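Before any comments, here is the structure.
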Amino acid sequence: MSQATRPSDLDGIDLSDLDFWGRPLSERHEAFARLRLHPPVFFDEVDMGPVPAGPGYYALVRHADVVEASRTPSVFASEPSAVSIPDMPQEFNEFFGSMINLDDPRHARMRRIVSRGFTPRMLARLEDGVQRIAEEIVDELLEKGPCDFVTEVAARLPLVVICEMMGIPESHRAMVFENSNVVLAGADPEYLGRDPDVAVHRLLTAGGELAGLLSELAGRRREQPTDDLTSALVNANIDGESLTDQEIGSFFILLAVAGNETTRNAISHGLKLLTLHPGQRELWWSDFEAHAATAVEEIVRHASPVTWMRRTVTRDHEMNGRLYRAGDKVVLYYASANRDETVFTDPDRFDVTRSPNPHVGFGGPGPHFCLGAHLARREITVMFRELHRRVPGIRSTGRPQRLLSDFVNGIKSLPCAF
Ligand code: HEM
1 MSQATRPSDL DGIDLSDLDF WGRPLSERHE AFARLRLHPP VFFDEVDMGP
51 VPAGPGYYAL VRHADVVEAS RTPSVFASEP SAVSIPDMPQ EFNEFFGSMI
101 NLDDPRHARM RRIVSRGFTP RMLARLEDGV QRIAEEIVDE LLEKGPCDFV
151 TEVAARLPLV VICEMMGIPE SHRAMVFENS NVVLAGADPE YLGRDPDVAV
201 HRLLTAGGEL AGLLSELAGR RREQPTDDLT SALVNANIDG ESLTDQEIGS
251 FFILLAVAGN ETTRNAISHG LKLLTLHPGQ RELWWSDFEA HAATAVEEIV
301 RHASPVTWMR RTVTRDHEMN GRLYRAGDKV VLYYASANRD ETVFTDPDRF
351 DVTRSPNPHV GFGGPGPHFC LGAHLARREI TVMFRELHRR VPGIRSTGRP
401 QRLLSDFVNG IKSLPCAF
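Take 1 as the starting number for the sequence shown in the UniProt record's numbering and just add one per residue.
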């Protein structure tokens with residue numbers, strides 16, 4: 001469907017236009033509600049400086065389409081890229097070509113190896129660390145008083161957890177934090193500047209620094225293994241499988257990006273939601289443990305920290321009444337599927353007791369379903385438990401400063417008081 005033949009109620013909606021993503025969230029949700037009334041709409045891509053415009057993409061905005069595409073990976077492939085709509089130049093693959101952008105059999109091999117870091121035993125070991133870090137964050141918050149919730153609280157937990165998991169020394173954490181911000185900056189000029197060539201350079205430099213850090217660490221762990229994940233990944237297991245230095249580097253970049261910003265944004269949105277909905281806060285706080293599991297799922301659904309993933313169609317295929325051609329790009333809008341009124345009653349309502357809650361905030365069912373979903377749920381739960389226990393009156397006191405990005409629903413800063 002070209003722009004010209006599009007139904008008039010979709011006028012003014014262009015998902016390829018960065019301005020669309022800078023509009024208030026309520027306008028964004030209203031636009032997706034209108035898109036959901038129609039079969040998947042085709043959008044043109046725009047020229048992004050060094051990356052030329054591609055052929056365009058279908059926006060999958062309904063829950064049924066997102067779920068179906070996720071569980072049909074032989075047709076809806078993650079190669080050549082799931083995380084960018086244009087096909088990125090080859091030089092990006094060295095740093096950003098990890099498993100999220102791979103299909104089987106390469107994806108399955110990589111997922112098998114890295115899953116060693118996410119076994120219940122590994123997660124149980126991390127648990128103590130998550131609790132300790134959350135306690136330290138709240139200790140410092142109480143000392144500090146009113147402050148920026150993102151920097152002082154939400155951003156710290158996921159970063160420290162991933163660094164501890166991989167065995168990154170404390171002295172390198174600030175560098176990991178800054179570089180992962182650059183990688184996930186979307187189009188926000190604060191991190192990437194306004195010149196596309198400069199942006200590409202910054203991205204590749206950030207990727208190179210993160211990969212370099214891991215390559216050095218991998219070398220050390222090969223000689224002298226410890227009980228961290230880097231040691232488990234570089235040293236072959238019983239099937240003789242291990243990762244090369246380059247694979248470790250790009251996997252770490254994926255973790256630093258996939259596990260950091262996402263969880264940070266879920267926690268920041270969580271505080272904003274609890275502030276805007278005092279009745280829901282009261283309900284959760286009245287019996288924290290009874291509502292924790294559903295409240296955390298609802299934060300992830302409502303916030304949808306990851307807005308979309310892309311798939312590329314491998315062969316002609318009909319899905320839910322629409323024919324897709326080999327080579328077509330489709331973009332799975334989780335943020336829209338999570339408000340699909342045919343699946344969620346009163347989808348805009350924030351309801352800490354919502355059940356069932358079949359949201360796709362961690363991806364749809366399929367081989368790429370978020371590897372860190374359990375860990376993320378733990379982190380969000382532990383952080384809010386600690387806040388509930390020691391700073392129950394915490395609230396956001398001003399508007400969040402949002403990240404300009406179509407890809408992540410980011411909050412750069414959020415003033416808080418208690
Ligand atoms: C609230 C927090 C999080 C959200 C909303 C989130 C969301 C997602 C989404 C939407 C995907 C893509 C699914 C798909 O393509 O079908 C994904 C994949 C992934 N996530 Fe998460 N994530 C979160 C936290 C984490 C954490 C804490 C980690 C690790 C420390 C992590 C590691 C990964 C990895 C490695 C993948 C790629 C899996 C694959 O390709 O097989 N994520 N996540």
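For every residue, glycine included, the Cβ atom is placed at its ideal position computed from N, Cα and C. All of these numbers come straight from a predicted model, not from anything done at the bench.
Distance check between Gly56 and each of His63, Val66, Asp44 places Asp44 closest, using alpha-carbon atoms only.
Sequence-distant Cβ neighbours of Ser355 in its own chain, meaning closer than 8 angstroms and more than five residues away, are Thr294. When C-alpha distances from Ser84 are compared across Ala256, Leu184, Gly207, the shortest belongs to Leu184. Ranked by how close their Cα comes to the Cα of Ala266, the residues Glu94, Arg378, Arg28, Leu37 have Arg378 in first place. Pairing Pro415 with Thr263, the inter-Cα distance amounts to about 18 angstroms. Rounded to the nearest angstrom, the gap between the Cα atoms of Arg194 and Asp47 is 14 angstroms. Per DSSP, the unbroken alpha helix (DSSP H) holding Phe95 starts and ends at 93 to 96. Counting only runs of 4 or more residues that sit fully inside the region 286 to 357, the alpha helix (DSSP H) segments are 288 to 303, 334 to 337, in chain order. The DSSP-derived three-state label of Leu10 is helix. Contact between the region 89 to 108 and the region 120 to 129 is absent: fewer than 3 CB-CB pairs across the two stretches fall below 8 angstroms.
About 17 angstroms separates the CB atoms of Arg301 and His374; that is not less than 8 angstroms, and the two are not in contact.
The C-beta of Pro158 has 16 or more other C-beta atoms within 10 Å across all chains shown, which makes the residue buried. Judged by DSSP in its simplified three-state form, Cys416 adopts strand. When only Cα atoms are considered, Ser180 and Ala69 end up about 29 angstroms apart. By the CB criterion at 7 angstroms, Arg156 and Ile137 fall inside the cutoff.
Set against 6 angstroms, the gap from the CB of Gly372 to the closest heavy atom of the ligand HEM is smaller. Distances from the alpha-carbon of Ile113 to those of Leu371, Ala33, Ala211 put Leu371 closest. If you look at Phe251, you'll find it in the alpha helix (DSSP H) that goes 245 to 258.
Assignment of Val130 by DSSP, reduced to helix, strand and coil, places it in the helix class. By the neighbour-count definition (other C-beta atoms within 10 Å, threshold 16), Gln224 is an exposed residue. Scanning Gly364, Pro367, Arg116 for the CA closest to the CA of Leu229 turns up Arg116. Assigned with DSSP and collapsed to three states, Leu60 falls in strand. Here the region 301 to 314 makes contact with the region 70 to 77; the two share three or more CB pairs at distances below 8 angstroms.
If you draw a straight line from the Cα of Asp340 to the Cα of Arg390, it comes to about 36 angstroms. Distance check between Gln246 and each of Thr226, Val51, Gly219, Leu271 places Gly219 closest, using alpha-carbon atoms only. Remark: the C-beta of Gly259 is in contact range of the ligand HEM, defined as less than 6 angstroms to any heavy atom.
Val183: member of the alpha helix (DSSP H) spanning 173 to 183, first to last residue.
With a cutoff of 7 angstroms on beta-carbon distance, Gly207 and Ile162 are scored as not near each other. DSSP places Val41 in the strand class (E or B) of the three-state scheme. Cβ contact annotation for Leu204 (same chain, cutoff 6 angstroms, sequence separation greater than five): none. If you ignore the 5 residues before and after Val234, its C-beta comes within less than 7 angstroms of the C-beta of Ala218, Arg221, Arg222, Ser242, Leu243, Ile248, all in its own chain and listed in chain order. The beta carbon of Pro80 sits no closer than 6 angstroms to any heavy atom of the ligand HEM. Look at Asp148 here: in three-state DSSP terms it is strand.
By the Cβ neighbour-count rule, Glu143 is exposed, with fewer than 16 other Cβ atoms within 10 Å of its own. Under the 10 Å beta carbon count, Glu170 is surrounded by fewer than 16 other beta carbons and is classified as exposed.
Put simply, the region 279 to 298 does not touch the region 401 to 413. Fewer than three CB pairs are less than 8 angstroms apart.
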